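Undergrad:
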Amino acid sequence: MGKINYGRVVLGGVVAGVVLLLMDFVGMQIIGFDWEAWAVERNLTMPPMATWIVMDVLYGILLVWLYAAIRPRFGPGVRTAVMAAVWGWIFFSITQWAPTAMGLWPMNTYWMMAAWGLVQVTAAVVAGAWVYKEDGGQM
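In structure tokens, the structure reads:
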């Protein structure tokens, strides 16, 4: 059983974070939710773009770390990356349930975000896992 290569976790996490960020923009177009209007309606200030970049990169690192952690048990490859993605998506979706239940955004928006999030997170983890290597071995 190999040790986790934390340098590759960070590198793969940055790749995953870039995928998450790019897919955030695509998802906003697909879902069609007007975040700016939503924030104004609730007297909220949207954070600067740097905040979203940092959050996506940190989430990407966490997801690739999860892949690296389960990789020795399930083996390297896309199947394990998808498994890590699904668990990462479940954890994230659960945290978004409370704001939805409080009425921060409509239930149908939650379900659309959750569905798109599964696609987004899966693509991100597969991309990050492709970069991750424990010791120069395969994905």
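For the sequence shown, counting from 1, position 33 maps to 30 in the numbering used here; every step adds exactly one.
Note that beta-carbon positions come from the ideal geometry of N, C-alpha and C, so glycine has one too.
Computed from a predicted model, the values in this text were never measured in an experiment.
1) Which term fits VAL12, buried or exposed, when burial requires 16 or more other beta carbons within 10 angstroms of its beta carbon?
2) Would DSSP call GLU131 helix, strand or coil?
3) Does the pairing of the stretch 26 to 34 with the stretch 64 to 77 give three or more beta-carbon distances under 8 Å?
4) Which same chain residues end up closer than 6 Å to ALA120 when comparing Cβ atoms and leaving out the 5 residues on each side of it in sequence?
5) Checking 8 Å against the spacing of the C-beta atoms, do ALA78 and VAL123 come in under that value?
6) Who are the Cβ neighbours of GLY114 in its own chain at under 7 Å, not counting the five residues just before and after it?
7) Ends of the alpha helix (DSSP H) at ILE50?
8) Just how far apart, CA to CA, sit MET46 and GLU131?
9) Express the C-alpha separation of VAL116 and ALA34 in angstroms, rounding to a whole number.
10) With the cut-off set at 8 Å, would you say TRP49 and ASP21 are in Cβ contact?
11) Leaving out the 5 sequence neighbours to the left and right, which residues in its chain are closer than 7 Å to LEU63 when beta-carbon positions are compared?
12) Which two residues bound the contiguous alpha helix (DSSP H) that contains GLY24?
TA: Concretely, from the data shown:
1) buried
2) coil
3) no
4) VAL16
5) yes
6) TRP86, PHE89 and SER90
7) 46 to 71
8) 33 Å
9) 25 Å
10) yes
11) ALA81, TRP84 and GLY85
12) 3 to 28
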